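Report on one structure; see the data block that follows.
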Amino acid sequence: MVELDALSWVLLGAGALVVGLSKTALPGGGTLAVVLFAMALPARESTAALLVLLIVGDLFAISMYRKTVDWVLLRRLISPVLLGVAVGTVFLGVASDAAVRRVIGAILLGLLVFTLLRRRRDKPKQGGRGEQWRQQGQREQARSHRGGSRAAAFGYGWLGGFTTMVANAGGPVMSMYLLAKRLEVKTFLGTAAFFFFAVNLVKVPFQIGLGLLNTQILSVVLVLVPLVVVAAFLGRWIAGRISQTVFERLVLGLTAVGAVNLLL
1 MVELDALSWV LLGAGALVVG LSKTALPGGG TLAVVLFAMA LPARESTAAL LVLLIVGDLF
61 AISMYRKTVD WVLLRRLISP VLLGVAVGTV FLGVASDAAV RRVIGAILLG LLVFTLLRRR
121 RDKPKQGGRG EQWRQQGQRE QARSHRGGSR AAAFGYGWLG GFTTMVANAG GPVMSMYLLA
181 KRLEVKTFLG TAAFFFFAVN LVKVPFQIGL GLLNTQILSV VLVLVPLVVV AAFLGRWIAG
241 RISQTVFERL VLGLTAVGAV NLLL
């Protein structure tokens, strides 16, 4: 097993708990897990360790939301995501550990800024908020199923594939894309669950080929899997019992601090 100090195990344990919670109750927390793992392990190896735990969490998400999936959106993302994964694989193969750490930090900071600006721009007006959101969602879904927004699908898909391969940070990118489509909550969760499960499975042979997913990393992962499972069940219990706004602000703040640390 890889030799780690007590602080590294604490960071990895916290990251594993975040993975379980983010998959079953609190979307957006996965970015924090990326930071915690990159602080505890070498940056390149951290992506492999986290990948296995994300797949475990994906299995729980699929079991909960398997009946609510927008397959049209998923099919449109296949080609650009695969392109992004391929480019990310090449980058991981040639980049140094320090370069990967800086790229992870830069990606996370960029996504944080973009997410905050997008939320501010798309914030509904106070009057008729629910009706406005519903009507806009109907227009977006109709336009999507007619074949519109292909450029957006390509852009988000490519960046999502690259960031998920390099830093397991595709969550914020794809979440913004799905939010822009104004999907209903269950449809959003179901579509995201199947998307990330499929993408994460595709990444496994690449990680093995790069030598990042090996027996030493798996020995660390096996210790952390129970924490993901416990957190996934806990997430089902606490869903709706915690303020999503407070949690999202906490995740964004901690992610920003961690991303800056990776850049230093």
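For the sequence shown, the working numbering assigns the number 1 to the initial residue and increments by one for each residue that follows.
A virtual CB, placed ideally from N, CA and C, is assigned to each residue, including glycine.
Every value quoted in this text rests on a predicted model; they were computed, and no experiment measured them.
Would you mind stating whether residue i and residue j have Cβ atoms separated by less than 7 angstroms?
i, j, result
"Phe162", "Val81", "no"
"Thr24", "Arg236", "yes"
"Thr255", "Leu108", "yes"
"Thr115", "Pro172", "yes"
"Leu41", "Gly15", "no"
"Asn200", "Leu74", "no"
"Met165", "Lys203", "yes"
"Ala152", "Arg76", "no"
"Phe60", "Ala232", "yes"
For the putative contact between residue i and residue j, defined by C-beta atoms under 8 angstroms, what is the C-beta separation to the nearest angstrom?
i, j, result
"Gly13", "Leu222", "With 8 angstroms as the limit, Gly13 and Leu222 do not qualify as a contact, their Cβ atoms being about 13 angstroms apart."
"Arg290", "Ala38", "Here the chain has residues from 1 to 264 only, and residue 290 is not among them."
"Glu276", "Leu212", "The requested residue 276 does not occur in the structure, where the chain is confined to residues 1 to 264."
Specify the secondary structure class of residue i as computed by DSSP and reduced to three states.
i, result
"Pro27", "coil"
"Leu189", "helix"
"Leu77", "helix"
"Asp5", "coil"
"Val69", "coil"
"Arg150", "helix"
"Ala95", "coil"
"Arg182", "coil"
"Ile208", "helix"
"Ile107", "helix"
"Arg101", "helix"
"Ala169", "coil"
"Ile242", "coil"
Quiz item: Does the count of Cβ pairs from the region 189–208 and the region 65–74 closer than 8 angstroms reach three?
Solution: yes
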